[in-house]
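Student: So the sequence shown is numbered by our numbering: it starts at 1 and just counts up by one.
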Amino acid sequence: GFKDCGFIEIASESDRVEEYRRVAALNRKWGVDVEEIGPSEVKQLFPLCRADDVLAGFYVPGDGRVNPIDATMALAKGARMNGVTIIEGVSATGVTTKNGTVTGVLTTGGPIE
């Protein structure tokens, strides 16, 4: 499942601060809540951080982590519910196309159309 724990991006160089400010502005346009915070706030939110060289932090309180196995299984379930057949134990080696449209997948187990 999803663990709501927030996310902090830390900048210790002025160029990085400017880069993160641009990214934060873009994220805000997409509706993401991003807060620029100072070194003391970084330390308060992340006590294990050595913040003596931190110039700024960019905190996303609504961010979090997801178990990758749970996420993969949920994606596979949704795909199957929409008619996808998942074939395990083979590797994709290429695709086949016709008139610019993908028509199949080449695998180590043979072609799939």
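Backbone N, C-alpha and C define an ideal beta-carbon position, used for all residues, glycine too.
Judging by CA-CA distance, which residue of GLY38, GLU9, GLU13 is the nearest neighbour of ALA24?
Tutor: The sequence position of residue 24 within the sequence shown is 24, counting from 1. Measuring from the Cα of ALA24, the nearest candidate turns out to be GLU9.
Student: Using DSSP with H/G/I as helix, E/B as strand and the rest coil, what is ARG22?
Tutor: In the sequence shown, residue 22 corresponds to position 22, counting from 1. It is helical.
Student: Near ASP53, which residues of its chain fall below 8 angstroms by C-beta distance, leaving aside the five closest residues on each side in sequence?
Tutor: The residue labelled residue 53 in the question sits at position 53 within the sequence shown. SER12.
Student: May I ask you to list the residues that DSSP assigns as paired with ALA11?
Tutor: Here the question's residue 11 lines up with position 11 in the sequence shown. Answer is ALA56.
Student: Can you round the beta-carbon distance between ARG65 and CYS5 to whole angstroms, since I take them to be within the 8 angstroms contact cut?
Tutor: Along the sequence shown, one-based indexing puts residue 65 at 65. Along the sequence shown, one-based indexing puts residue 5 at 5. Their Cβ separation, rounded to whole angstroms, is 6 angstroms, which keeps ARG65 and CYS5 in contact under 8 angstroms.
Student: Looking at the structure shown, is THR72 part of a helix, part of a strand, or coil, going by DSSP?
Tutor: By 1-based counting over the sequence shown, the position of residue 72 is 72. Three-state DSSP puts THR72 in a helix.
Student: Tell me which same chain residues have a C-beta within less than 7 angstroms of the C-beta of LYS3, skipping the five on either side of it?
Tutor: Your numbering for residue 3 matches position 3 in the sequence shown. Here the set comprises GLY64, ARG65.
Student: Tell me whether the region 39 to 52 and the region 80 to 99 touch, counting them as touching only if at least three CB pairs, one residue from each stretch, are closer than 8 angstroms.
Tutor: The region 39 to 52 is not in contact with the region 80 to 99.
Student: Between PHE121 and the rest of its own chain, which residues show a CB-CB distance below 7 angstroms, the 5 nearest in sequence each way excluded?
Tutor: Because the chain here runs from 1 to 113, residue 121 falls outside it and cannot be looked at.
Student: Quick test of the definition: if touching needs 3 or more C-beta pairs under 8 angstroms, does the region 88 to 102 touch the region 29 to 36?
Tutor: Not touching, per the Cβ criterion.
Student: Apart from the five residues on each side of it in sequence, which residues of its chain come closer than 6 angstroms, Cβ to Cβ, to VAL102?
Tutor: The residue labelled residue 102 in the question sits at position 102 within the sequence shown. Closer than 6 angstroms at Cβ, skipping near neighbours: VAL95.
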